[in-house]
Amino acid sequence: MDFIQTVFTSFVSLIPVTLAQSLILAFVVLGIMIPFRTLNFPDLTSEGAFPLGGCVCGVLLASGASPLTAIAVAIIAGFLAGCCTAFIHLRFRIHTLLAGILLMTMLYSINLRIMGKSNLSVFGAPTVFDWAPFVQPGFPVAKIIVAGLIGAIVFILLNMFFKTEKGTAIRAVGANPDMAEAQGINVWVATIGGVGLASAFSATSGALMVQSQGFADVNMGLGILINGLAALMIGEAIVGKQTVLRQLAAPFVGAVVYYQLVSFCLAAGMPPPDLKLATGLFVLAMLALPSLRRSRGPAQARETIRE
């Protein structure tokens, strides 16, 4: 009983911190979901766009720029990174995953060039979290309010966008590019714009994370892709993926639930190095589950015939 009480107390004490972190990292999950589900464009650029946004934001904050300006420039940098990945795929017929790997590798050197060193401290610089009303800056509640408000605005705007003509065109390209092109939709514009938008959200997350933790690092995106996939799988298992609204809600719901599960595992005593292994096994199980269900179907049918 003492062990259970200790774990529960430790888990509850970590909820505000992990909730703030999950709301910030939900934008990475959103950046993974848009190419993966909406465009049918498996992409790895998010793992490079996340630290890109953080490095750009860190340099601008260190030079005295306002936090909003730092986030805006980070968003533009992330958008351009995603556009480059889509262009490499479309122009040179390189597989989407390989194009993402190539750009992710190049972004590591670019991030080093941007900062001039592997990490940069921005402690004491102003952040968007300082603007939370009625809350003392620096506390997790301020980060929850600001990140939650930004997430709500993004969710509403994206839901409206995907119901417009341009949003529908992006969804059509993801469903069937040949049919979309036959209907007069510019596949290049839709693909490049959609992947660029996704990477912009990943860069936004990196910029918010730097302002939250007070430093930027070129390795801050290491493993973020597998964490984002795990969060996306959890979110889709909870809210589904049948409609645009559910697809957009899945990253936010999944990120919150996933990082609470990580917090519980740490509170229960799981060694931090084992979290990557547990996350990878979980994503593998979620991806393999539909295949296992399909393979069981014919076997059950044969058993029924024999009976």
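1357 is the number of the first residue of the sequence shown in the working numbering; add one for each residue after it. Glycine is no exception: its CB is placed at the ideal position from the N, C-alpha and C atoms. Since the model is a prediction, treat every value here as computed from it, not as a measurement.
Contact check for Ala1455 against Ile1444 passes: the beta carbons are separated by less than 8 Å. When the five nearest sequence neighbours on each side are left out, the beta carbons in the same chain lying within less than 6 Å of the beta carbon of Glu1403 are those of Met1460, Gly1577, Ile1580, Leu1581, in order along the chain. For the options Thr1441, Gln1377, Gln1361, the alpha carbon positioned closest to that of Ala1556 is the one of Thr1441. In the DSSP assignment, Asn1467 falls outside any beta strand (DSSP E) and within the unbroken alpha helix (DSSP H) covering 1452 to 1471. The secondary-structure analysis by DSSP pairs Asn1575 with nothing; it has no beta-bridge partner.
In this chain, Ser1419 is not harboured by any beta strand (DSSP E), its DSSP state being neither H nor E. Under the three-state reduction of DSSP output, Ser1477 falls in the strand class.
Inter-residue distance for Gly1549 and Leu1468 is about 26 Å (C-alpha atoms, whole angstroms).
Between Ala1531 and Asn1396, the alpha-carbon positions lie close to 7 Å from each other. Under the three-state reduction of DSSP, Asp1358 is assigned to helix. For Leu1585, same chain residues with a beta-carbon under 8 Å away, outside a window of 5 residues either side, are Ile1388, Val1639 in chain order. The Cβ-Cβ distance between Val1574 and Pro1372 does not fall below 8 Å.
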